[in-house]
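Peer 1: The listed protein sequences correspond, in order, to chains S and R. Heads up: the first sequence begins at -14 in the numbering used here, then just goes up one per residue. Heads up: the second sequence begins at 54 in the numbering used here, then just goes up one per residue. For every residue, glycine included, the Cβ atom is placed at its ideal position computed from N, Cα and C. One structure, as structure tokens, below. Some questions next.
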Amino acid sequence: MINAVIADDEVLARHKLRQLLREETDFDIVGESATAAETIDLVRLTKPDLLFLDIRMPGMDGFDIIGALSADADFVLPRIIFTTAYDRYAIRAFEIHAVDYLLKPFTAERLHSAVERAREQIQNSAQTTSPNGGPDPADSPYTKRIVFKSRGRILFLHVSDIRWIGAEENYVRISTESESHLLRETMTRLEEKLDPQMFLRVHRSSIVNLQYVKEVRTEKDGEFAVLLANGQKIAMSRSYRSRIQGWLQR
Amino acid sequence: MSIVEKIRERSSPLLMHPAIFVGGFIFLGMLFGLQNWITEHTWGYKVNLFLLLRAWIVQYFIWGVICWLIWFWLGRSIQNAGLPWILTRLIPLSALVSVGEEMVWVLCFPHLPLGMHMSYWQRLRFELDGEIIDNFLIFWLVIVLFRGVDYYQRYREKEGAAAQLSVQLAQAQIRALRMQLNPHFLFNTMNSISSMMRIDVPAADIMLEQLSSLLRITLERGETQLISLSDEMEFMEMYLALQDRRFAGRVRQEVRVDPALHDALIPAMLLQPIVENAYAHGLSRLDRDGVLTVEVGRERGRLKVTVLNTGVGLNPAPRKDVQSTGVGIANVKNRLRLHYGAQQSFSMYEAGTHKVQVTITFPLQFSVNPTPTLTGYGV
């Protein structure tokens, strides 16, 4: 069972969350709060696994609440999903390792994906039994998540959700299962941030997530191509071929 | 006003700067002196060039100083003078200056004319005999110059103001046109959501989220007129997603953008009215298999946008809501004209049976400071 607290100063907003969370059968909403002080007391009392937190609250803002809660070193912070109408706090939320950042109004689908993520993290940390959830993420020089804005939303994208990345001049296009996002970024910079155990550059203008590679095939004209599990075909250049062969022999 | 400030003020335009003004007179004197010397020379007289130059240059230097002082004290009055002022003040002044200048000059050259020993008054009469007409001429020419300077300045000011005004007007017009677009589009979408609410609540929920995202982007953009193509296409993709939901499966959308043009500049919200038009007058009349193609490419150094839709051709049986046609399109045309003048083109024509194509071209420009990377990396 996952214990959750909903903190939002608006009744209707809390009501919507409560209603949508009914779909998640393993969720138990242990309390609701409408002000910063109430939230701090409630979280200290109930020690929930997950906190849905509005950033703009009477008294203090969401970040102040987290600051107040983490002042007590023994207290284990719950996972946090921010819910807000403002997109300007996204990077700050990302930096304090929030699970997700939901821009109001959000759809049931969007909430569901945030909840999935939270569930995953909570279960992982339960398995490792370490208080802060697994090995210190700072151990790895590679990024696990990317935050960016796309089509008016904030996305905390897990790199494992990326199928492949294509270059488009000064931009890169990141494709996930259902969507693609255009980011102002260079392939080289992105490649540096990505774990080479997981991602492989197969062409000057494409990087694939090896998790989703189904096969490497030779085309009729002697060129090589990478076939993804969803049927997408990505050209591979000769200069990068040795890399994938090295990987296949592992 | 201190004297220094006044001198500075009266030194505009540059021609009226004391050094340049008096310098101009000295130059003139030098030319006359030289001409005088050449004339004497051709007639066989031997005259000392240095003496001649000195006499002429001093003459015109005195003129320059007097005229600049007149400009300094009386310039404004001369520029605004009416006939009575000219008759009662300028004519006496012209006599005074013409004689006065000669008096100073005669004082400077006591040994001229050469070889004649005359008293100061005799010499003055001698010089005035030969030069009084020239002096009057110089005086009145300078007065004409002062008035000319004034006319020129006023003309320049007027021209500058007119140019500034037309820029302001164009900006105001563009702003007004953009203001028209948002509510138009907003209410249409809200209307769709309202009707969707009755049939499919989750779908209405999604549309509401999409509309919020669209508004968020528009608000963030503020009044920026020209935005990068990637921003405009992001907006378009969201708009197309909304439309796709409204026309559930009846229209296939194709978007093709040349990746080299992501940073090209395009007037904000240029495409949305065109696509809206394609849906309203073409695609909406189809039950299925509609096709909408949006393409952005480069053609001979210009940006070319084409929007192609199937449906009915142009000018089908007139509909009653014809009034609503063209507000968006006229808006697009106006904004293109205001931004690019004669350097843009807009055309709407039938591209085959029951297909309508809109083609827009305008000069290709790239944003000087493209949007910074806002991507964050972490755990």
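Contact check, residue 201(S) vs residue 193(S) under 8 Å by CB: the rounded distance?
Peer 2: For the purposes of this step, residue 201(S) is taken as the residue at position 216 of the first sequence. For the purposes of this step, residue 193(S) is taken as the residue at position 208 of the first sequence. Going by Cβ atoms, the distance from residue 201(S) to residue 193(S) rounds to 10 Å, so no, they are not a contact pair.
Peer 1: Under 8 Å by Cβ, that's how I've got residue 110(R) and residue 79(R) pegged, so tell me the actual separation to the nearest angstrom.
Peer 2: Translated into the one-based positions of the second sequence, residue 110(R) becomes position 57. Translated into the one-based positions of the second sequence, residue 79(R) becomes position 26. 6 Å between Cβ atoms; contact.
Peer 1: Applying a beta-carbon distance threshold of less than 7 Å, which residues of chain S neighbour residue 259(R)?
Peer 2: By one-based count along the second sequence, residue 259(R) stands at place 206. Neighbours of residue 259(R) on chain S, chain order: 92.
Peer 1: So who's on the other strand from residue 141(S), going by DSSP bridges?
Peer 2: For this step, residue 141(S) is matched to residue 156 along the first sequence. 132(S), per the DSSP bridge assignment.
Peer 1: Taking the continuous alpha helix (DSSP H) assigned at residue 284(R), which residues delimit it?
Peer 2: Stepping through the second sequence from its first residue, residue 284(R) is reached at position 231. First-last of the alpha helix (DSSP H) with residue 284(R): 282 to 299.
Peer 1: Work out the CA separation of residue 244(R) and residue 376(R) for me, nearest whole Å.
Peer 2: The count along the second sequence starts at 1 and reaches residue 376(R) at position 323. The count along the second sequence starts at 1 and reaches residue 244(R) at position 191. With a pLDDT of 44 at residue 376(R), under the threshold of 50, the modelled position of that residue is not reliable, and the figure given next carries that caveat. Straight-line Cα distance between these residues: approximately 19 Å.
Peer 1: If you measure beta-carbon to beta-carbon, which residues of the stretch 123 to 137 of chain S are closer than 7 Å to chain R?
Peer 2: 128, 129, 130, 131, 132, 133, 134, 136, 137
Peer 1: Determine, for residue 266(R), whether the minimum Cβ-Cβ distance to residues of chain S falls below 9 Å.
Peer 2: Within the second sequence, residue 266(R) is the residue found at index 213, counting from 1. Output row for residue 266(R): interface = yes.
Peer 1: Give the list of continuous beta strand (DSSP E) stretches no shorter than 3 residues that lie fully inside the stretch 323 to 352 of chain R.
Peer 2: 343 to 352
Peer 1: Any C-beta of chain R sitting closer than 9 Å to the C-beta of residue 2(S)?
Peer 2: Looking up residue 2(S) in the first sequence gives position 17. Not one chain R Cβ lies under 9 Å of residue 2(S).
Peer 1: With respect to the alpha helix (DSSP H) encompassing residue 173(S), which residues constitute its N-terminal and C-terminal limits?
Peer 2: In the first sequence, the residue the question calls residue 173(S) occupies position 188. Segment 172 to 178, the alpha helix (DSSP H) holding residue 173(S).
Peer 1: At the level of alpha carbons, what is the spacing between residue 229(S) and residue 183(S)?
Peer 2: Taking the first residue of the first sequence as position 1, residue 229(S) is located at position 244. Taking the first residue of the first sequence as position 1, residue 183(S) is located at position 198. Rounded to the nearest angstrom, the two C-alpha atoms are 12 Å apart.
Peer 1: Cβ atoms of residue 37(S) and residue 78(S): under 9 Å apart, would you say?
Peer 2: To locate residue 78(S), count along the first sequence from 1; it is residue 93. To locate residue 37(S), count along the first sequence from 1; it is residue 52. For residue 78(S) and residue 37(S), no; Cβs fall outside 9 Å.
Peer 1: Whose C-beta lies closer than 6 Å to the C-beta of residue 150(S) among residues of the same chain, with five residues either side of it excluded?
Peer 2: Your numbering for residue 150(S) matches position 165 in the first sequence. Once the five neighbours on either side are set aside, the close Cβ partners of residue 150(S) are 157, 159, 192.
Peer 1: Output yes or no for whether 9 Å exceeds the beta carbon distance between residue 89(S) and residue 337(R).
Peer 2: The residue you call residue 89(S) lines up with position 104 of the first sequence. The residue you call residue 337(R) lines up with position 284 of the second sequence. No, the pair does not count as a contact, with Cβ atoms beyond the cut-off.
Peer 1: Out of 314(R), 326(R), 286(R), point me to the one whose CA is closest to residue 307(R)'s CA.
Peer 2: Start at 1 with the first residue of the second sequence, and residue 307(R) comes out as number 254. Answer by Cα proximity: 286(R).
Peer 1: Would you mind stating whether residue 159(R) and residue 177(R) have Cβ atoms separated by less than 9 Å?
Peer 2: What you label residue 159(R) is simply residue 106 of the second sequence in a count that begins at 1. What you label residue 177(R) is simply residue 124 of the second sequence in a count that begins at 1. Closer than 9 Å, so yes.
Peer 1: Could you pull out every residue in the same chain whose Cβ sits closer than 8 Å to the Cβ of residue 69(S), ignoring the five residues on either side in sequence?
Peer 2: The residue labelled residue 69(S) in the question sits at position 84 within the first sequence. Only 39, 40, 41, 47, 86, 87, 88, 89 meet the Cβ criterion.
Peer 1: DSSP puts residue 65(S) in a beta bridge; with which residues?
Peer 2: Taking the first sequence and counting its residues from 1, the one referred to as residue 65(S) is at position 80. As DSSP reads the structure, residue 65(S) sits in a beta bridge with 36(S).
Peer 1: Where do the ends of the alpha helix (DSSP H) carrying residue 0(S) lie?
Peer 2: Indexing the first sequence from 1 puts residue 0(S) at position 15. Residue 0(S) -> alpha helix (DSSP H) spans -4 to 6.
Peer 1: Please state if the CB of residue 178(S) and the CB of residue 225(S) are separated by a distance shorter than 9 Å.
Peer 2: Indexing the first sequence from 1 puts residue 225(S) at position 240. Indexing the first sequence from 1 puts residue 178(S) at position 193. Going by C-beta atoms, residue 225(S) is not nearer than 9 Å to residue 178(S).
Peer 1: Give every residue of the same chain whose Cβ lies closer than 6 Å to the Cβ of residue 237(R), excluding the five residues on either side of it in the sequence, and list them in chain order.
Peer 2: Your numbering for residue 237(R) matches position 184 in the second sequence. Within the same chain, residue 237(R) has no close Cβ partners at all.
Peer 1: Shortest alpha-carbon distance to residue 171(S) belongs to which of 154(S), 163(S), 162(S), 185(S)?
Peer 2: Mapped onto the first sequence, residue 171(S) falls at position 186. Among 154(S), 163(S), 162(S), 185(S), the Cα nearest to that of residue 171(S) is on 154(S).
Peer 1: Could you say which of 223(R), 310(R), 276(R), 333(R) lies nearest to residue 290(R) if we only look at CA atoms?
Peer 2: By 1-based counting over the second sequence, the position of residue 290(R) is 237. Comparing alpha carbon positions, the residue from 223(R), 310(R), 276(R), 333(R) closest to residue 290(R) is 310(R).
Peer 1: By alpha-carbon positions, which one of 152(S), 52(S), 164(S), 163(S) ends up nearest to residue 173(S)?
Peer 2: Numbered from 1 along the first sequence, position 188 holds the residue referred to as residue 173(S). Nearest C-alpha to residue 173(S): 152(S).
Peer 1: Only counting runs of 3 or more residues, tell me where the beta strand (DSSP E) segments fall wholly within the stretch 37 to 111 of chain S, in order along the chain.
Peer 2: 64 to 69, 85 to 88
Peer 1: With DSSP run on the structure shown, which of helix, strand or coil describes residue 192(R)?
Peer 2: As a working note, residue 192(R) is residue 139 in the second sequence. Three-state result, residue 192(R): helix.
Peer 1: Residue ranges of each alpha helix (DSSP H) run of no fewer than 4 residues wholly in the stretch 62 to 99 of chain R, ordered along the chain?
Peer 2: 71 to 95
Peer 1: Using a Cβ-Cβ cut-off of less than 7 Å, list which residues of the stretch 144 to 167 of chain S approach chain R; keep chain order.
Peer 2: 153, 154, 155, 156, 167
Peer 1: Can you give the Cα-Cα distance for residue 167(S) and residue 283(R), rounded to whole angstroms?
Peer 2: For the purposes of this step, residue 167(S) is taken as residue 182 along the first sequence, with counting starting at 1. For the purposes of this step, residue 283(R) is taken as residue 230 along the second sequence, with counting starting at 1. Their backbone Cα atoms lie some 8 Å apart in a straight line.
Peer 1: I want to verify the contact list: residues of chain R whose CB lies under 7 Å from the CB of residue 72(S), in sequence order.
Peer 2: Position 87 of the first sequence, counted from the first residue, corresponds to residue 72(S). Within chain R, the residues near residue 72(S) are 269.
Peer 1: Residue 279(R) and residue 320(R) - do their beta-carbons sit closer together than 9 Å?
Peer 2: The residue labelled residue 320(R) in the question sits at position 267 within the second sequence. The residue labelled residue 279(R) in the question sits at position 226 within the second sequence. Yes, they are a contact pair.
Peer 1: Determine whether the beta carbon atoms of residue 119(R) and residue 199(R) lie at a separation below 9 Å.
Peer 2: For the purposes of this step, residue 119(R) is identified with residue 66 of the second sequence, where counting begins at 1. For the purposes of this step, residue 199(R) is identified with residue 146 of the second sequence, where counting begins at 1. No, these two residues do not count as a Cβ contact at 9 Å.
Peer 1: Check for me: the alpha helix (DSSP H) holding residue 417(R) runs from which residue to which?
Peer 2: Here residue 417(R) refers to the residue found at position 364 when the second sequence is read from its first residue. Where residue 417(R) is concerned, there is no enclosing alpha helix (DSSP H), given that its DSSP letter is neither H nor E.
Peer 1: If I'm right that residue 347(R) touches residue 365(R) with Cβ under 8 Å, what's the distance once you round it to whole angstroms?
Peer 2: Walking along the second sequence from the start, residue 347(R) turns up at place 294. Walking along the second sequence from the start, residue 365(R) turns up at place 312. The beta-carbon distance between residue 347(R) and residue 365(R), rounded to whole angstroms, is 19 Å. This is too long to meet the 8 Å contact definition.
Peer 1: Output, in chain order, the set of chain S residues within a Cβ distance shorter than 7 Å of residue 313(R).
Peer 2: As a position in the second sequence, residue 313(R) is number 260, starting the count at 1. Residues of chain S passing the Cβ test: 154.
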